[in-house]
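K.L.:
So that you can map any letter, position 280 of the sequence shown is 279 in numbering that gives the first Met the number 0, and since no number is skipped, the others follow by simple counting.
Ideal Cβ placement from N, Cα and C applies to all residues, glycine included.
Can you keep this structure in mind? I'll have questions shortly.
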Amino acid sequence: MAYQAYPQTAPADPVSLPPAGGAMGSMTLRHYWHVLLERRWLVIMVLILSVAASVGYVVKAPRIFRATVRLQIDPESETGVNLRDGFGGVSRMDPEYLQTQYKNLLSRSLLERVVKAERLEQDPRYSKEMDIVAALAKDITVTPIRMTRLVEVSVEHTDPRKAKDIVDRLANEFIERNRLLKTGRMMSTLQVLRSQAQQMEREVTELEEAVQQYREKQNFVSFDAGSNPVAQSLSQVQARYADAKATAEIMQATIRELDAHLKAGRPAETFPSVANDSRVIELQKRLTGYRTDLGAMLQRYGEKHPAVVTLRSQIAETEKELQQTVKDVIETLRKSAELRQIELANLEENLRYWEQKQQEWNKAKTTYDVLQRKADASRALFNMVLSRLSEAEVMQRDTANNINIVDPATIPTEFVKPNIPVVLTAGVLGGILLGIGLALFVNYLDDSIKSQDDVELHLQMPFLGYVPSIKSAKEVERYLQCHLHPQSNASESIRSIRAAVALGDHGEKLRVLTVTSTIPSEGKSIIAANLAIAMAQTGYRTLLVDADMRRPRLHKAFQLHNPVGLPAYLHGKTDQFEELVTATEVPNLDMISCAGGSSQSTELVASRRMVQFLDEARKRYDRVILDTPPVSAVSDPLVVASLSDGCVFVAKFNKVRREHARKTLRRLLDAGVHICGVLLNDIDFEGRDSYYYSYYFYQNRYYSSYRSRPDQIGAVRST
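Shown next as structure tokens:
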């Protein structure tokens, strides 16, 4: 009957997945530990090379000695002359000053003097250098001591005495140069100050002469505001003018009142200014007395009495005199008012004169003050320069240096380089780190299949399980592991894979299974044999078929010698299915070998006879296991797998590359093969550096109880 393939439920194209290297991020620390254990020899080799290199360096490296001198850098003498300090400069003990001194210790000009003085061009350490000064600078270290004015200057050399000589020469040359620079600065300062003093003296003389000439030209006695004669005269005139103005105004008011009094027809003698005149008062008293006497006489004498006539005559003369006196007083008042006006006009003119004089004095005073200030400022600056000049002359005689040696250098007795403990420690640590890094890098580059994640993430296939390495030298024990050692870890793993296949897609329909792999030597034949044994142990009538016509192996493993095998049936040499089948020592398990082989295996498995063979096998057996060649070697497995119900794909642990396996699976999927899943084979569970040591440990611990209890063995085998 025609063979109908089951519908395929293959996953998405694995080629479309991102590169598998990204899975590194999901690795645990335990994974890294196992990676290092797996590649421990690489780490050890790198460590040995690193330590050997460190030891070689320590042995061959020249011994370097270090001589050190300690200097004290004090601020320049406070009595010294610093033009910048004197005119708003910065302090010589600021950080920039100290940093400048540190850099000067390594200046090329100073080192050239040291090279010349010590004849370093003949020194073996420097004679081969193109730039001796630069080479010497590399051997010099300047180390300031924090929170102090001390600095340590060190020189390294292979000769301890030469190191001391060089550092001593460097310190002495530095101190001497500082002294010469200080002396040079002082001489330069003296020259500048003397030149400035001469120039300023001329300026002061010229300015003071200009002040005196201006004073004489202006013809003012003094420009002092406290003794200003112009201001005093102006003040006096202003006071007199104010008094005269007040008096004139009073007189004018009196005249106006007098005119109004006379205009009103009132007697002039009754006007207050007239009535208060002494002459008018005297005449008024005399006239009053005469009139009193006249009244008394008239009571005694008649009108014609001589005494009365005489008295009347006196009264008339007195009245006439009174009238004349009143006129004189009025005239005097008018004259006085006119004189006051004339006096006021004169004083006003005099006031304008002195005001003009005051303005002229103020203007002259302003110009005078400007000249005087210039002269005073020039004099003050001149005095300051003279003071500085005196200080500089004192400092010129001061030979003290602000840089001194505190601790002179001594001949070193112990070398400082190479630092053997540091070099060896660095070699060990560097070797370990480099070895670990190299191991992780190699592992990163290693894209072989090693875990369930690799199968599910990179191959995108169901994971069937792990199969541990079978530690047996006998081939029969490896192929019949589930029969000879049913309680072993390998047997349990095969049973787990059997269960995974049964519980997967089309579990009950998967009667014919093909077992294949990517490349040879992945253990697919062992898996096929043990998977067939495991199915037979469950009671299924199982047929194991060796479909690898180029390299048949199963008949040797089962020690069977049937000369009639699958090639004979496919060639049509026999139609009797029973002639092909050979019973094995395993209950419920029969096998068809590939005895005879064929060079036309591809044509045979693709023939109608192969379909008929599988149909006959389905009729006679519950389960049929086909062991086929690797997919990458020939195309036979593609044809056989396409005719079977499913395919179990075997990948040897840490051997086949992910990309290679992915392409192989793609070929199977393109051929319409239903892939049940992928299993990892030949894993060293027992090694402590294994990825799966913990898995093996717990599994072995769990099932060890069954091995010690025979009553449980049947339950284990029936799973």
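Out of R622, E268, R65, state which residue places its alpha-carbon closest to the alpha-carbon of A413.
P.N.:
According to the sequence as given, residue 413 is Glu; it is not Ala. E413 has its Cα closest to that of R65, out of R622, E268, R65.
K.L.:
Have a look at the DSSP bridge pairing and note the partners of I329.
P.N.:
Answer is none; I329 lacks a bridge partner.
K.L.:
Starting from the Cα of L553, find the closest Cα among V405, I532, L456 and give me that residue.
P.N.:
Closest by alpha carbon: I532.
K.L.:
With which residues is M590 paired in a DSSP beta bridge?
P.N.:
According to DSSP, which records beta bridges pairwise, M590 is partnered with L543, T581.
K.L.:
DSSP three-state call for V89: helix, strand or coil?
P.N.:
Low local confidence applies: a pLDDT of 40 at V89 is under 50, so the model's placement there is unreliable, and no value is given.
K.L.:
Taking M590 as the reference, give the member of S600, N529, R178 with the closest Cα.
P.N.:
Per the Cα distances, N529.
K.L.:
Reducing DSSP to helix, strand and coil, say where I518 ends up.
P.N.:
Of the three classes helix, strand and coil, the one that applies to I518 here is coil, per DSSP.
K.L.:
By Cβ distance below 7 angstroms, which residues in the same chain neighbour E354 in space, the five residues on each side in sequence not counted?
P.N.:
The answer, listed in chain order, is L233.
K.L.:
Check whether the Cβ atoms of R510 and P628 sit closer than 8 angstroms, and answer yes or no.
P.N.:
Taking 8 angstroms as the Cβ cut-off, R510 and P628 do not qualify as a contacting pair.
K.L.:
For L346 and Y240, which I take to be in contact (beta-carbon distance under 8 angstroms), what is that distance rounded to the nearest angstrom?
P.N.:
Sure, about 4 angstroms apart at Cβ, within 8 angstroms.
K.L.:
When the Cα of P159 is compared with those of S471, P61, L625, which residue comes out closest?
P.N.:
Minimum Cα distance to P159 is reached at P61.
K.L.:
In terms of DSSP beta bridges, what is R622 paired with?
P.N.:
Its beta-bridge partners are T541.
K.L.:
Kindly indicate which residue of K161, A136, L286, S524 has the alpha-carbon position closest to the one of Q121.
P.N.:
Among K161, A136, L286, S524, the Cα nearest to that of Q121 is on K161.
K.L.:
Please give the ranges of any alpha helix (DSSP H) in the region 34 to 61, keeping only runs that are unbroken, at least 4 residues long and fully inside the region.
P.N.:
Those alpha helix (DSSP H) runs which fall completely within the region 34 to 61 and span 4+ residues are 39 to 59.
K.L.:
Looking at the unbroken alpha helix (DSSP H) that takes in E281, where does it start and where does it end?
P.N.:
Per DSSP, E281 belongs to the alpha helix (DSSP H) from 277 to 299.
K.L.:
What did DSSP end up calling H156 once you bin it into helix, strand or coil?
P.N.:
Strand.
K.L.:
Beta-carbon separation of N677 and M460 under 8 angstroms?
P.N.:
Note that residue 677 is Val in the sequence shown here, rather than Asn. For V677 and M460, yes; Cβs fall inside 8 angstroms.
K.L.:
If I'm right that G571 touches R608 with Cβ under 8 angstroms, what's the distance once you round it to whole angstroms?
P.N.:
Sure, about 7 angstroms apart at Cβ, within 8 angstroms.
K.L.:
Please report the distance separating the alpha-carbon of V623 from that of G436.
P.N.:
The straight-line gap from Cα to Cα measures roughly 49 angstroms.
K.L.:
Can you give the Cα-Cα distance for R112 and E172, rounded to whole angstroms?
P.N.:
R112 and E172: Cα-Cα distance of roughly 8 angstroms.
K.L.:
Given a cut-off of 8 angstroms, decide if D681 and F652 are closer than it, judged by their beta-carbon atoms.
P.N.:
Going by C-beta atoms, F652 is nearer than 8 angstroms to D681.
K.L.:
Which of the three DSSP states is assigned to I431 in this structure?
P.N.:
Reduced to three states, the DSSP call for I431 is helix.
K.L.:
Checking 8 angstroms against the spacing of the C-beta atoms, do H484 and S492 come in under that value?
P.N.:
Against a cut-off of 8 angstroms, the Cβ pair of S492 and H484 comes out as no contact.
K.L.:
Determine the closest residue to K618 out of P566, L542, Q599, F557, with distance taken between C-alpha atoms.
P.N.:
Of P566, L542, Q599, F557, the residue nearest in Cα terms is L542.
K.L.:
I need the straight-line Cα distance from E256 to G264, nearest angstrom please.
P.N.:
About 13 angstroms.
K.L.:
Which class does N400 belong to by DSSP, given the choice of helix, strand or coil?
P.N.:
Here N400 sits in coil by DSSP.
K.L.:
Who pairs with T67 in a beta bridge, going by DSSP?
P.N.:
Paired residues: S153.
K.L.:
Once the 5 residues before and after L343 are set aside, which same chain residues still bring their CB inside 6 angstroms of it?
P.N.:
Cβ neighbours of L343 beyond the five flanking positions: A243, K244, A247.
K.L.:
Using a threshold of 8 angstroms, state whether the C-beta atoms of T517 and H673 are closer than that.
P.N.:
No, these two residues do not count as a Cβ contact at 8 angstroms.
K.L.:
Are the Cβ atoms of Q536 and C481 separated by less than 8 angstroms?
P.N.:
Contact: yes.
K.L.:
By DSSP, does T513 sit in helix, in strand, or in coil?
P.N.:
Looking at T513 - three-state DSSP - the assignment turns out to be strand.
K.L.:
Where does I165 land, buried or exposed, given buried means 16+ other C-beta within 10 angstroms?
P.N.:
Burial call: buried.
K.L.:
In this structure, how does DSSP classify P551 when only helix, strand and coil are distinguished?
P.N.:
Of the three classes helix, strand and coil, the one that applies to P551 here is coil, per DSSP.
K.L.:
With a CB to CB cut of under 7 angstroms and the five nearest residues on each side skipped, what residues in its chain are close to L35?
P.N.:
Within the same chain, L35 has close Cβ partners V42, I435, A438.
K.L.:
Apply the 10 Å Cβ neighbour rule to F612 and answer buried if 16 or more other Cβ atoms are within range, or exposed otherwise.
P.N.:
It counts as buried.
K.L.:
On the DSSP bridge assignment, give the partners of F462 in chain order.
P.N.:
F462 is bridged to V677.
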